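Before any comments, here is the structure.
Numbering (the numbering used here), first residue to last: 2 to 423.
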């Protein structure tokens with residue numbers, strides 16, 4: 002709209018910076034606008050040359066919803082990831098999916114300005130609404146948070162390794178004490194022997210406590226950088242605070258590292274968030290959208306924050322935000338700028354997945370191929386639900402592939418076909 006006003010206003014070329022002697026009054030306004038753009042381009046090249054940059058030309062690439070990365074000629078920007086544009090493979094298990102998601106987020110922070118924002122979508126329910134999204138993705142969240150903390154929070158992995166070493170040493174020493182005690186056949190108990198036996202039993206108790214605590218000092222308080230998980234409500238946060246930090250009796254380890262803290266969206270916030278390095282929003286709902294924005298902007302003012310991750314966000318809902326102006330502004334302001342760093346959604350006949358910066362891939366079950374799935378489509382943007390159905394139909398010969406582009410009539414035809422499927 003502004004360009005149209007500018008063109009119809011017949012701008013004065015001299016006012017735009019062109020010498021009066023070079024002005025040809027027969028040129029239309031659009032020509033002068035093109036000349037102005039070329040002058041701006043030349044000036045930019047001169048500025049970069051003065052700064053000592055080797056870049057002498059620019060390559061314009063279309064921006065997609067999935068990612069925007071600098072081209073090879075833009076040497077003054079960060080180097081693009083080597084695996085951009087490759088196909089995304091399916092994970093082998095839930096643990097594998099969580100590990101892949103954590104590594105992708107860690108890589109994403111290396112190529113994005115900090116603090117960064119991204120989203121993780123993990124849905125293996127296949128439409129089954131027996132459990133809520135929060136309940137069905139809890140195990141994935143536990144492993145994903147743990148893996149990302151080990152990747153991005155300094156000192157957490159070193160503490161884990163030292164705890165494991167302490168457990169191994171305690172097990173070996175306890176084994177030696179048990180073997181030495183069982184090999185003694187002297188039943189005579191002197192005063193000196195009784196004291197030595199008491200010391201041995203005390204040492205056994207200490208070693209057993211080390212093993213039970215997983216090598217961690219139960220009296221120590223963690224004071225390093227933290228990761229904070231925001232739950233939709235205080236009840237969910239309280240349950241996670243109890244269950245996720247409890248130690249497994251067999252391994253002595255908790256589900257998440259000690260750097261993880263739990264909060265809720267809403268209510269009075271009394272926790273100190275100045276030391277937060279990672280912030281997770283676990284299944285935030287539309288009713289908490291205002292609080293999500295408030296906490297997000299506040300957290301990003303901290304110098305230590307590296308990444309904010311939205312896991313299975315549902316911030317636009319017909320009954321709360323609606324799909325009018327409020328919902329559209331929320332999408333443009335908060336949701337649409339988020340990159341899908343990891344995406345996995347199971348389908349009745351296959352799966353749709355993506356790992357940043359690779360492409361989206363659609364997979365179909367096939368017992369005749371290795372792994373049980375074959376890739377039927379690769380895309381650089383997230384397909385909509387009707388597009389996923391069309392991909393399946395085309396791959397299985399149920400309809401012909403549309404090679405005529407996306408005109409108005411074709412779009413209307415797709416809308417009618419989608420309505421007839423309801």
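For every residue, glycine included, the Cβ atom is placed at its ideal position computed from N, Cα and C. All values reported here derive from a predicted model rather than from experimental measurement.
The Cβ atoms of residue 341 and residue 89 lie no closer than 8 Å to each other. For residue 312, the enclosing beta strand (DSSP E) begins and ends at 308-312. In this structure residue 204 does not touch residue 240 by the C-beta definition: roughly 38 Å separates them, more than the 8 Å allowed. When the five nearest sequence neighbours on each side are left out, the beta carbons in the same chain lying within less than 8 Å of the beta carbon of residue 267 are those of 234, 235, 289, 292, in order along the chain.
Here residue 138 is buried. Its C-beta has 16 or more other C-beta atoms within 10 Å. When 232, 370, 101, 169 are compared, the shortest CA-CA separation from residue 212 is found for 169. Across the structure, residue 306 and residue 110 are spaced so that their CA atoms are roughly 11 Å apart. Within the same chain, Cβ atoms closer than 6 Å to the Cβ of residue 255 are found at 246, 248, the five residues on either side in sequence being excluded. The residue from 275, 113, 308, 334 with its alpha-carbon nearest to that of residue 317 is 334. If the five residues before and after residue 136 are omitted, its C-beta is found closer than 6 Å to no C-beta atom of its own chain. Apart from sequence neighbours up to five positions away, the residues of its chain that approach residue 117 with a beta-carbon distance below 6 Å are 110, 308, ordered along the chain.
Less than 8 Å separates the beta-carbon of residue 278 from that of residue 154.
Cβ neighbours of residue 105 within its own chain (closer than 7 Å, five residues either side excluded): 342, 343, 356, 357. Taking 8 Å as the upper bound for CB-CB distance, residue 123 and residue 313 are in contact here, some 6 Å apart. For residue 353 and residue 206, the gap between their C-alpha atoms comes out near 52 Å. In this structure, the beta-carbon distance from residue 364 to residue 95 does not fall below 8 Å. In the structure shown, residue 115 adopts coil according to DSSP, grouped into three states. Inter-residue distance for residue 208 and residue 223 is about 22 Å (C-alpha atoms, whole angstroms).
The alpha-carbon of residue 304 is positioned some 18 Å away from that of residue 112.
Where residue 300 is concerned, the enclosing alpha helix (DSSP H) starts and stops at 290-300.
The alpha carbon of residue 82 has as its nearest neighbour, out of 99, 108, 102, 297, the alpha carbon of 108. Between residue 217 and residue 148, the alpha-carbon positions lie close to 19 Å from each other.
In the DSSP assignment, the residues bridged to residue 365 are 351, 375. With contacts defined by Cβ atoms closer than 8 Å, residue 347 and residue 127 form a contacting pair.
Taking all protein chains shown into account, residue 402 has fewer than 16 neighbouring C-beta atoms within 10 Å of its C-beta and is therefore exposed. Cβ contact annotation for residue 392 (same chain, cutoff 8 Å, sequence separation greater than five): 363, 377, 378, 384, in chain order. Counting only unbroken stretches of 3 or more residues, the beta strand (DSSP E) elements lying wholly within the stretch 148-235 are 227-232, in sequence order. Around the beta carbon of residue 238, 16 or more other beta carbons sit within 10 angstroms, so the residue counts as buried. Between residue 231 and residue 133, the CB-CB gap reaches or exceeds 8 Å. No Cβ-Cβ contact shorter than 8 Å links residue 219 with residue 260.
Residue pairing by DSSP places residue 255 opposite 248 in a beta bridge. Between the C-alpha atoms of residue 164 and residue 210 there is a straight-line separation of about 13 Å. Distances from the alpha-carbon of residue 315 to those of 172, 86, 284, 338 put 284 closest.
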